[in-house]
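Numbering-wise, my numbering comes out as the position in the sequence shown, counting from 1, plus 106.
In what follows, a single structure is set out as structure tokens and then discussed.
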Amino acid sequence: RRRATGETMSPGRRGYGRSPWTFRGDAHYQFHLVKSEVARQYVPADMPLVEAFGHTLGGFYYANYSDSPVGRMDELVVLSGLVWNAPTSCAWASHVF
């Protein structure tokens, strides 16, 4: 086996290799309105939640990678809501499977 950096990796050794990592495959986003009181249970208190009318934008991100530093893999990410991280907002990932 070879790492993404081209270094030889022994079968029992684990590691991420050097960045940047390259992932190739397909992805799907499914957005949902999430009640702010529910999202707040999964977003740290010091992160300002972006909300309107008692809701924020959350959802799921599913990716099927045909090629990655660790080979073929699937990834499912639960997005609890949008948080403000000046100067922009970003999705808060509360769970990654």
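Even glycine gets a Cβ: it sits at the ideal position worked out from N, Cα and C.
Predicted model only: the values in this text are computed from it and were never measured.
- Here V184 is near A199, since their CB atoms are less than 8 Å apart.
- Across the structure, A133 and A151 are spaced so that their CA atoms are roughly 30 Å apart.
- Here the alpha carbons of F166 and D173 stand approximately 21 Å from one another.
- In this structure, DSSP gives E143 a helical state, which the three-state scheme calls helix.
- Taken in chain order, the complete beta strand (DSSP E) segments of 3 residues or longer contained in the region 153–192 are 161–173 and 179–191.
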